[in-house]
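The numbers in this note's numbering rise by one with no breaks, and the one at position 30 of the sequence shown is 112.
Ideal Cβ placement from N, Cα and C applies to all residues, glycine included.
This report refers to the structure that appears directly beneath it.
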Amino acid sequence: MPSDNKDPSLDILINILENTLESSASEIAEFQKKVNNSQKKDKTLMEKITGMKEQREKELRVVRDFAKQDSRDSTGLTNIAESIWENMNKDDEFLEVLMEKERERVGV
Numbered sequence: 083m084p085s086d087n088k089d090p091s092l093d094i095l096i097n098i099l100e101n102t103l104e105s106s107a108s109e110i111a112e113f114q115k116k117v118n119n120s121q122k123k124d125k126t127l128m129e130k131i132t133g134m135k136e137q138r139e140k141e142l143r144v145v146r147d148f149a150k151q152d153s154r155d156s157t158g159l160t161n162i163a164e165s166i167w168e169n170m171n172k173d174d175e176f177l178e179v180l181m182e183k184e185r186e187r188v189g190v
């Protein structure tokens, strides 16, 4: 949604962030379903996964709010993006450990 007083290159970056966050939230939701449907439900794990999904949704709102601002700059977007990537990397590491444990449990 570019406007005359906004840098259109930021719109491209905003779109990338939005798509990445939506995809991440979707992947977390799928993982959440698998954990919820497993025979051994782990309440702590479910809370952690739910928190991860809520974090993606919160970050998506931040990106969309930034996109609506009349005065926005690349520094502001960079700060938002760095925070998002840091959170996503932590979550990815956590999910990778969980998947590895599941593979060991199943014997794959």
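Here K172 is exposed: its Cβ has fewer than 16 other Cβ atoms, across all protein chains shown, within 10 Å. Residue burial is scored here from C-beta neighbours: V145 has at least 16 other C-beta atoms within 10 angstroms and is therefore classed as buried. The straight-line gap separating the alpha-carbon atoms of W167 and R185 is approximately 26 Å. Here the C-alpha atom of N161 lies approximately 24 Å from the C-alpha atom of I110. Inclusion of L142 and L95 in the CB contact set at 7 Å is not warranted, their separation being larger than that value.
R138 is a Cβ neighbour of S106, given a cutoff of 7 Å. For E112, the closest alpha carbon among the candidates K135, F148 and E100 is that of K135. One thing to note: L159 has its Cβ within 7 Å of the Cβ of L92. Using a 10 angstroms sphere on the CB of I131, the tally of other CB atoms reaches 16 or more, which defines it as buried. In the same chain as L127, and ignoring 5 residues on each side of it, the C-beta atoms closer than 7 Å to its own belong to V117, in chain order.
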